[in-house]
Amino acid sequence: MIDAGVKGVILIGGGEPMAHPKIGEVINLLGKNNVAIGITTNGLYLKKHIEAITKYVSWIRVSMDAASPEVFQSIRPSRTGDSMFNLVIENMKAFSENKRKDQVLGYSFMVYSKGDYGFKGVPLQNDRAVIKITNAKDLYTTNANEIYKAAIIAKEIGCAYLEIKPMYDSNHFSVMQKQIISDLVEEQIENAKTLEDENFKIIEATKLRSSLRGEGNYEPKKYTRCAVSQLRTLVTPSGVYVCPYFRGVDNKKIGDVNNQSFLEMWHGQERKKIMNKLDPSIDCPMHCIRNDSNIFIEENIINQFNIETIEIVEDYDKFI
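All you need for this note's numbering is the position in the sequence shown, starting with 1, plus 9.
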């Protein structure tokens with residue numbers, strides 16, 4: 010990637026990136042070669058690699074999805090049966106206390122619910138946490154009642170933001186929540202926003218509100234090429250793919266850096282062939298978090314990126 014001129018790398022899941030035995034070497038190598046680094050992590054190994062992280066990493070987002078040990082253990086169970094919530098919070102505090110001024114720490118909260126969706130939750134003391142759906146045999150348990158509490162914790166430990174995301178299934182389609190859960194999420198978000206100041210923000214994922222409103226999973230695309238995938242890609246142990254939505258899909262696999270350099274792969278015939286066939290208007294019916302970025306790029310290609318006509322909107326894709 011360094012030889013190919015890559016400008017930024019996000020080390021992310023599909024597993025815990027910081028559990029890899031050579032993650033410290035990876036961070037140091039990228040950092041020394043001026044590659045910007047972001048990390049999405051479960052937070053369990055922050056202290057172990059804090060020297061490399063505080064020296065080179067631009068931002069860290071910790072996947073929490075809870076604001077209490079009980080809910081954390083339900084969603085992110087440990088092998089020992091003991092909740093790791095407090096350990097992760099302490100690790101985040103340690104990073105916050107040692108980080109540079111320009112480094113950003115984030116608290117990520119994905120809305121889960123029990124029932125048809127497979128979240129094995131536990132009934133909580135808060136009467137808003139266990140919700141019986143009319144004409145349903147099951148009880149739907151949700152973590153949504155902890156959003157405001159999570160915001161309080163995030164602000165107290167020095168996070169720059171709390172990010173709230175919708176739940177996704179294994180095919181990257183957002184899960185439509187029951188109305189009673191959606192109402193609870195919106196109520197909690199409004200309460201959380203009262204904590205905002207110049208140092209702390211509540212961030213809603215691009216498709217959160219559309220998921221809460223039950224607008225469905227399908228998002229028609231009028232453009233026939235994906236400009237964003239010419240700027241970023243997904244590298245995994247099993248191959249390199251057009252984007253995370255197509256991880257493991259053979260006809261969207263653009264190469265394999267086990268067999269060739271990243272530079273050779275990026276400029277190779279296989280990637281060129283796959284990219285020429287890729288048509289978002291056909292291949293990408295799902296809600297795509299890069300849709301707005303693609304529209305923005307296509308509109309400005311037409312306008313030849315005239316600096317006088319480009320409207321810069323704050324919440325566009327920060328990566329680009």
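Heads up, the beta-carbon is just placed ideally off N, CA and C, and yes, glycines get one too.
Exercise. If you run the structure through DSSP and keep just helix, strand and coil, what is K16?
Worked result: What you label residue 16 is simply residue 7 of the sequence shown in a count that begins at 1. In the structure shown, K16 sits in coil (DSSP, three-state: anything other than H, G, I, E or B).
Exercise. Is V194 near L221, with beta carbons less than 8 Å apart?
Worked result: Counted from its first residue, the sequence shown places residue 194 at position 185. Counted from its first residue, the sequence shown places residue 221 at position 212. The answer is yes: Cβ separation under 8 Å.
Problem set entry | Candidates D12, E279, H276, K261: closest to P289 by CA position | Translated into positions along the sequence shown, residue 289 becomes position 280. The candidate whose alpha carbon is nearest that of P289 is K261.
Exercise. In three-state terms, what does DSSP make of E205?
Worked result: Along the sequence shown, one-based indexing puts residue 205 at 196. Coil.
For this session: Could you have a look at A75 and say whether DSSP puts it in helix, strand or coil?
Result: For the purposes of this step, residue 75 is identified with residue 66 of the sequence shown, where counting begins at 1. A75 falls in the coil class under three-state DSSP.
Problem set entry | the segment 229-236 contacting the segment 290-304, beta-carbon criterion three pairs below 8 Å | Yes: at least three Cβ pairs fall under 8 Å.
Problem set entry | Whole-Å CB distance - F104 paired with P78, under 8 Å assumed | Taking the first residue of the sequence shown as 1, we reach residue 104 at position 95. Taking the first residue of the sequence shown as 1, we reach residue 78 at position 69. Contact doesn't hold; Cβ gap of about 20 Å is too wide.
For this session: Report the rounded CA-to-CA distance for N107 versus N43, giving the unit in angstroms.
Result: If you number the sequence shown from 1, residue 107 lands on position 98. If you number the sequence shown from 1, residue 43 lands on position 34. Approximately 21 Å, taken between the alpha carbons.
For this session: Kindly identify the DSSP beta-bridge partner or partners of L171.
Result: Position 162 of the sequence shown, counting from 1, holds the residue named residue 171. Residue pairing by DSSP places L171 opposite Y116, I211 in a beta bridge.
For this session: Measure from the alpha carbon of V15 to the alpha carbon of each residue in G24, K31, L39, H29, then state which is nearest.
Result: As a first step, residue 15 must be located in the sequence shown, where it is residue number 6. Measuring from the Cα of V15, the nearest candidate turns out to be L39.
Exercise. Helix or strand or just coil, what does DSSP make of M295?
Worked result: Numbered from its first residue, the sequence shown carries residue 295 at position 286. Note: M295 maps to strand in three-state DSSP.
Problem set entry | Candidates Q313, D111, M101, of which the one nearest A45 by Cα | Taking the sequence shown and counting its residues from 1, one reaches residue 45 at position 36. Out of Q313, D111, M101, the CA that lies nearest to the CA of A45 is found in D111.
Exercise. Shortest alpha-carbon distance to T2 belongs to which of Y116, F81, I36?
Worked result: No answer is possible for residue 2: it lies beyond the span of the chain, which begins at 10 and ends at 329.
Exercise. Taking three-plus beta-carbon pairs below 8 Å as touching, is the segment 48-61 in contact with the segment 17-27?
Worked result: For the pair of segments examined, the segment 48-61 was found to touch the segment 17-27: the number of CB pairs separated by less than 8 Å reaches three.
Exercise. What is the rounded straight-line gap between the Cα of L243 and the Cα of V249?
Worked result: Counting from one through the sequence shown, the residue named residue 243 turns up at place 234. Counting from one through the sequence shown, the residue named residue 249 turns up at place 240. Cα to Cα, the separation comes out at about 6 Å.
Exercise. What is the DSSP secondary structure of V251, reduced to helix, strand or coil?
Worked result: By one-based count along the sequence shown, residue 251 stands at place 242. The answer is coil: DSSP assigns V251 none of H, G, I, E or B.
Problem set entry | Beta-carbon gap between A201 and A160 smaller than 8 Å | In the sequence shown, counting from the first residue as 1, residue 201 sits at position 192. In the sequence shown, counting from the first residue as 1, residue 160 sits at position 151. Remark: C-beta atoms of A201 and A160 approach each other more closely than 8 Å.
Problem set entry | Own chain partners of D192 with C-beta closer than 8 Å, once the 5 adjacent residues on each side are dropped | In the sequence shown, counting from the first residue as 1, residue 192 sits at position 183. Shown here for D192: not one same chain residue has a beta carbon closer than 8 Å to its own, the five before and five after excluded.
For this session: Please list, in chain order, all residues of the same chain as Y157 whose beta carbon is under 7 Å from its beta carbon, the five residues on each side excluded.
Result: What you label residue 157 is simply residue 148 of the sequence shown in a count that begins at 1. Within the same chain, Cβ atoms closer than 7 Å to the Cβ of Y157 are found at Q197, N200, A201, the five residues on either side in sequence being excluded.
Problem set entry | Rounded distance between the beta-carbons of K164 and F118, thought under 8 Å | Counted from its first residue, the sequence shown places residue 118 at position 109. Counted from its first residue, the sequence shown places residue 164 at position 155. About 13 Å; that fails the 8 Å criterion.
Problem set entry | Supposed contact pair L217 and I189 - C-beta distance, whole angstroms, cut 8 Å | Sequence index remark: in the sequence shown, residue 189 carries index 180 (1-based). Sequence index remark: in the sequence shown, residue 217 carries index 208 (1-based). About 17 Å separates the two Cβ atoms, so there is no contact after all.
For this session: Can you tell me which of A61, I48, K286 puts its alpha carbon nearest to the alpha carbon of R70?
Result: As a working note, residue 70 is residue 61 in the sequence shown. Of the listed residues, the one whose Cα sits closest to R70 is I48.
Exercise. Helix, strand or coil: which one does DSSP assign to R88?
Worked result: Working through the sequence shown from its first residue, we reach residue 88 at position 79. Under the three-state reduction of DSSP, R88 is assigned to coil, being neither helix nor strand.
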